[in-house]
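Let me begin by presenting the structure, written as structure tokens, before commenting on it.
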Amino acid sequence: DGTFGAVVISPGFTAYQSSIAWLGPRLASQGFVVFTIDTNTTTDQPASRGDQLLAALDYLTQSSSVRSRVDASRLGVMGHSMGGGG
Numbered sequence: 789d790g791t792f793g794a795v796v797i798s799p800g801f802t803a804y805q806s807s808i809a810w811l812g813p814r815l816a817s818q819g820f821v822v823f824t825i826d827t828n829t830t831t832d833q834p835a836s837r838g839d840q841l842l843a844a845l846d847y848l849t850q851s852s853s854v855r856s857r858v859d860a861s862r863l864g865v866m867g868h869s870m871g872g873g874g
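In terms of our numbering, the sequence shown opens at residue 789 and continues consecutively.
Take a look at the structure:
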């Protein structure tokens with residue numbers, strides 16, 4: 789019961805979501821809602837990645853099937869290498 793903090797995770801430069809998929813279960817086991825994404829292209833630059841991470845947070849809190857379980861005051865983004873460059 790209750791709500792949970794949420795985090796969106798982006799892969800590094802030239803990488804795919806599959807390279808960070810293992811983080812989902814790991815962070816979820818600590819009580820987070822986790823959303824891993826693929827970027828529009830594997831060579832997206834930091835500003836684009838930042839926009840994509842924010843769009844994913846918007847989706848999680850406004851449209852996703854788990855939105856009622858997400859505490860919108862406890863949100864974060866992270867990424868590997870350039871995945872966190874936005």
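Note that the Cβ used here is the ideal one computed from N, Cα and C, for glycine as well.
From the DSSP output, read off the bridge partner residues of residue i.
i, result
"residue 824", "797"
"residue 872", "According to DSSP, which records beta bridges pairwise, residue 872 is partnered with nothing at all."
"residue 867", "798"
What is the DSSP secondary structure of residue i, reduced to helix, strand or coil?
i, result
"residue 832", "coil"
"residue 790", "coil"
"residue 852", "coil"
"residue 737", "What the structure shows of the chain is the stretch from 789 to 874, and residue 737 is not part of that stretch, so it cannot be assessed."
Between the options, which has its C-alpha nearest residue i's C-alpha?
i, options, result
"residue 789", "825, 867, 854", "854"
"residue 865", "831, 809, 818, 844", "844"
"residue 856", "807, 798, 814, 821", "821"
Tell me, to the nearest whole angstrom, how far the beta carbon of residue i is from that of residue j; I am working on the premise that it is less than 8 angstroms.
i, j, result
"residue 837", "residue 871", "7 angstroms"
Check your understanding: So does the stretch 855-862 actually touch the stretch 791-800, counting three or more Cβ pairs closer than 8 angstroms?
Key -> yes
Practice item. Mind the definition here: the stretch 819-838 touches the stretch 800-807 only if three or more C-beta pairs lie below 8 angstroms; say whether that holds. Key: yes
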